[in-house]
Amino acid sequence: MRAVIASGPGGPEVLSVGEVPDVAPAAGEVLVEVAATAVNRADTLQRQGFYPVPAGSSEIIGLECSGTIVELGAGVEGWAVGDEVCALLTGGGYAARVAVPAGQLMPVPEGVSLVDAACLPEVACTVWSNVFMVAALQPGERFLVHGGAGGIGTMAIQLATALSAKVFTTAGSAEKLAVCADLGADVTINYRDEDFVEVLKADGGADVILDNMGAKYLARNVDALATSGRLVIIGMQGGTKAELDISALLRKRGAVIATALRSRPPAEKAAICAEVVEHVWPLVAEGSVKPIVHTRLPLAEVAAAHQLMADSDHIGKIVLTL
1043 MRAVIASGPG
1053 GPEVLSVGEV
1063 PDVAPAAGEV
1073 LVEVAATAVN
1083 RADTLQRQGF
1093 YPVPAGSSEI
1103 IGLECSGTIV
1113 ELGAGVEGWA
1123 VGDEVCALLT
1133 GGGYAARVAV
1143 PAGQLMPVPE
1153 GVSLVDAACL
1163 PEVACTVWSN
1173 VFMVAALQPG
1183 ERFLVHGGAG
1193 GIGTMAIQLA
1203 TALSAKVFTT
1213 AGSAEKLAVC
1223 ADLGADVTIN
1233 YRDEDFVEVL
1243 KADGGADVIL
1253 DNMGAKYLAR
1263 NVDALATSGR
1273 LVIIGMQGGT
1283 KAELDISALL
1293 RKRGAVIATA
1303 LRSRPPAEKA
1313 AICAEVVEHV
1323 WPLVAEGSVK
1333 PIVHTRLPLA
1343 EVAAAHQLMA
1353 DSDHIGKIVL
1363 TL
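Quick note: the sequence shown uses our numbering, first residue 1043, plus one each step.
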């Protein structure tokens, strides 16, 4: 089958499309013929050799896809050949076919095309599991998401707005801030010339912060928390090591939580997918939450897609079509 092959760790130029052995579904899995996949920041880390593949998982890059079921593994119930689905993957999305645990399949939401559905699983599952299942964001609370114009950010703004939180977000340009405001952000902060800590503290602090920067923002995020605030770290773009002022955290009775989605066992991922279908898909169907697609490129242009991600000029998701 066709799939993206990496010649070794490195820049986008190491990626090309070639032929690899076909895959078959194991017991409890389904085989999906892929219509589209999407580029995530974790994909670029894997390409560079910084994000090891979990044991037993596909070495092919790709954490989400959409497509059509073409084969059922033993013991799979509730799905049929021909069903159109999208899926949360541990790997293998940049390929013509992928085997997926049945619990990580989700129906394509009403009103979304099969291709654009490819850019929903990773962001929807990441945001719902971290902001709502872990941090328990409540209506009326103050929510800060860094990088509001990216894939995670655009989903986080929309979900938090739909569920009646007050949304703050950071971005690095007027164009990106305008998009964030259009998606529902109440307060937009240009991190190049504004201090998000001062903005949040002037409003009582953040009850929940979703952070993809890691070490670089740790101290400032804690400073920006409200009493009983929850900081959820899901990325390390700003490094992996920083000093944490425990006294500052104690004074606020705050929590710092670090989570990962890819390495969770299938049962946990299945539970998250089920919650997303129950709580997020109705919001997508009614139009209050929508996939934000920056561009759609054919799989053969995977290197260009990764360069676009590295340049950070995109808004929303970068989709690769098959």
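For every residue, glycine included, the Cβ atom is placed at its ideal position computed from N, Cα and C.
Apart from sequence neighbours up to five positions away, no residue of its chain approaches Ala1066 with a beta-carbon distance below 6 Å. Shown here, Leu1260 sits in a helix according to DSSP, grouped into three states.
The straight-line gap separating the alpha-carbon atoms of Thr1132 and Thr1110 is approximately 18 Å. Using a C-beta cut-off of 8 Å, the region 1210–1224 makes no contact with the region 1156–1173, since fewer than three inter-stretch Cβ pairs fall below that distance. When only Cα atoms are considered, Gly1115 and Gly1104 end up about 21 Å apart.
In the DSSP annotation of this structure, the continuous segment of the beta strand (DSSP E) that includes Leu1252 starts and ends at 1248–1253.
Remark: three or more beta-carbon pairs, one from each stretch, lie closer than 8 Å, so the region 1238–1253 and the region 1262–1270 are flagged as touching.
CA-CA distance, Cys1107 to Arg1083, rounds to 15 Å. A straight-line Cα-Cα distance of about 6 Å links Ala1144 and Val1072.
Straight-line measurement puts the Cα of His1188 at about 28 Å from the Cα of Gly1134. Positions of the beta strand (DSSP E) runs, each at least 3 residues long and wholly inside the region 1105–1188, are given as 1106–1114, 1126–1130, 1139–1143, 1147–1149, 1184–1187 in order along the chain. Collapsing the DSSP output to three states places Arg1044 in a strand. Rounded to the nearest angstrom, the gap between the Cα atoms of Met1255 and Asp1237 is 15 Å. Residue range 1288–1294 is occupied by the alpha helix (DSSP H) that includes Lys1294, with no beta strand (DSSP E) assigned at that position. Within the same chain, Leu1201, Ile1314, Glu1317, Val1318, His1321, Val1322 come within 8 Å of Trp1170 by CB-CB distance, once the 5 residues on both sides are set aside.
Going by DSSP, His1348 is part of the alpha helix (DSSP H) stretching over 1344–1353. A residue is called buried once 16 or more other Cβ atoms fall within 10 Å of its Cβ, and Ser1206, having fewer, is exposed.
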